[in-house]
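When you line the sequence shown up against the working numbering, it's residues 1 to 351, in that order.
Virtual Cβ for every residue (Gly too), placed ideally from N, Cα, C.
Keep in mind it's a predicted model, so treat the numbers as computed, not measured.
Here the structure is laid out as C-alpha cells; the discussion comes afterwards.
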Amino acid sequence: MRVLIATDAWHPQVNGVVRTLTSLAAAASALDVDLQFLTPEGFRSLPVPTYPGLRFALPSRREVARRIEAAAPDAVHIATEGPIGWAVRAYCRRRKLAFTTSYTTRFPEYVAVRTGLPLGIGYAVLRHFHAAATMTMVATPSLKQELRARGFRRLGFWTRGVDTELFRPDNPARLDLPRPIFMAMGRVAVDKNLEAFLSLDLPGTKVIVGDGPQKAHLERKYPDAAFLGEKKGADLVSHLAAADVFVFPSLTDTFGVVQLEALACGTPVAAYPVTGPKDVIADLPIGALDNDLRTACLRALTTSREACRSFALDRSWANSARQFIGNLTALEGSRSLLPMRLTARRRPVRG
C-alpha cells in the first residue's frame, strides 16, 4: 500500500507533529506500507512573524498536482491545516478523490492567544476543512468528545506511540543543579503556557529544554530557572532521564507525545487535567494531574520510575501505525484512487 501524507510541519522544525510523522513512517515500513510525504520543501515560503525561523510554504497548484500524481498513492492523508493541507484538499476535491485528515494542533486557541480572534471563527474554519474528509483522526477519547460537541463529524482514533529503544532511562545526563529537577521540554512559545510552570514555588530547580520566540523574555523574567536550549537525539533522551518530574503545563496540546517520551525514560509527568494528559496519565500511578500545577509537581515526585517505564513499553509506534493504516484500509473504495494510479507516471516525490 502506498500512502501520501501532506504536511506543513516538517524538518527542520522540532515539534510533536514532525516527530509523530517521522516515527509513523519508520513503523509503517515494517508493515509493508510505503509512506511518502508532500512537504514545504521546494516551495517558495514566507516567514511567520510570531515564530522566528518558521516559514509558511506558498505551494503552487500545478506543482502540488505534479507531486501527488508522481506519488500515485492508494490513499491520501492530510496531517495539517496549513497551506500545504489546503492545497492538497483542493486537489482531491476537484478530482473527487477520497482523503483522510488528522486533528493534531489547536489552531483556534493558538490564533486566539496571538490575535484575539474569537474561538468560534477558528473552529468554523476547521470544521469546514475537515468536513470534506472521509475520516478525521484524533489521538484521544476526550478530544473526540470535544470535537464532536463542536460539530465535527466522521471522527476516528489514531493513537500515538513512543520509541522505547531510543527513549530509555539508562544514561541520564549529569546535571549539576539542586534537586529535585522539574523539567519542561519543547518549543518555548506562549501557547505552551510555560509561565504557569516557571512561576511556581518549587524546591530544587526548574529547567526548560528547548528554544523558541519566548525564550529570551522568560530567561530575563525567571533568572532562577535553568534554560538549557534545544536538545536532540541521545542528548535529549539523557536530559529527560535526568529529570525527577517532567512538567507539561500546556492547556492546548491535543496529545503531547513528549509525555510518552518522558515516561519511557522513567520520568513521571505533572500536568493539568486537560485533553492529552487526561488520556495519557489519567489516574494511573505514572504522574499526577491537578488544577493546582504545584500540587501535581510535588505529588509526581513520589511516583515509581519503574511504573512509568513499564507503562511506556506497551505504547509502541508499531501499534500506532497499525491503527493508522487500518483506518485507511477500512475506507478503501469509498472514492477509489485507482484512476490516478493508472494514469500517473511513477516519479519520486520531492519533500
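inquiry  = Using a Cβ-Cβ cutoff of less than 7 angstroms, which residues in the same chain neighbour Arg179 once the five nearest sequence positions on both sides are dropped?
reply    = Gly204, Asp244
The stretch 261-279 contacting the stretch 138-149, beta-carbon criterion three pairs below 8 angstroms = yes
inquiry  = Using C-beta distances below 7 angstroms, list every residue in its chain close to Phe197, excluding the 5 sequence neighbours before and after it, in chain order.
reply    = Ala184, Lys206, Val247, Pro249, Leu293
key: Val258 versus Asp8, Val14, Glu63, residue with shortest Cα-Cα distance   = Val14
query = Opposite Ser102 in the DSSP bridges: which residues?
reply = Met137
ask   = Looking only at DSSP bridge pairs, what is Val14 linked to?
value = The partner list for Val14 (beta bridge, DSSP) is empty, contrary to what the question assumes.
ask   = Name the DSSP bridge partner or partners of Leu46?
value = Phe56
ask   = Quick one: complete alpha helix (DSSP H) runs, 4+ long, within the stretch 198-250?
value = 215-221, 233-242
ask   = Can you list, in chain order, the residues of its chain whose CB lies under 7 angstroms from that of Pro59, leaving out five sequence neighbours each side?
value = Phe43, Pro83, Ile84, Ala87
request  = Label Lys221 either buried or exposed according to how many other C-beta atoms from any shown protein chain fall within 10 Å of its C-beta, with 16 as the threshold for buried.
outcome  = exposed
key: Classification of Lys96 by the beta-carbon crowding that lies within 10 angstroms, buried from 16 upward   = exposed
message = Quick check on Val274: does DSSP put it in helix, strand or coil?
response = coil
ask   = By how many angstroms is the C-alpha of Ile181 removed from the C-alpha of His239?
value = 10 angstroms
message = Looking at chain C, is there any beta carbon in it that lies within less than 9 angstroms of the beta carbon of Val64?
response = The structure shown has no chain C; it contains just one protein chain.
ask   = Can you give the Cα-Cα distance for Ser336 and Ala112, rounded to whole angstroms?
value = In this predicted model, Ser336 has a pLDDT of only 49, less than 50, meaning its place in the structure is not dependable enough to derive any value.
request  = Could you say which of Leu175, Gly161, Pro108, Glu81 lies nearest to Leu251 if we only look at CA atoms?
outcome  = Pro108
task = Express the C-alpha separation of Asp163 and Phe324 in angstroms, rounding to a whole number.
result = 17 angstroms
inquiry  = Are the CB atoms of Thr100 and His77 within a distance shorter than 9 angstroms?
reply    = yes
message = Nearest by alpha-carbon distance to Leu126: which of Thr134, Thr105, Pro172 is it?
response = Thr105
key: Boundaries (first-last residue) of the beta strand (DSSP E) holding Arg114   = Careful: Arg114 lies outside any beta strand (DSSP E), inside the alpha helix (DSSP H) at 107-115.
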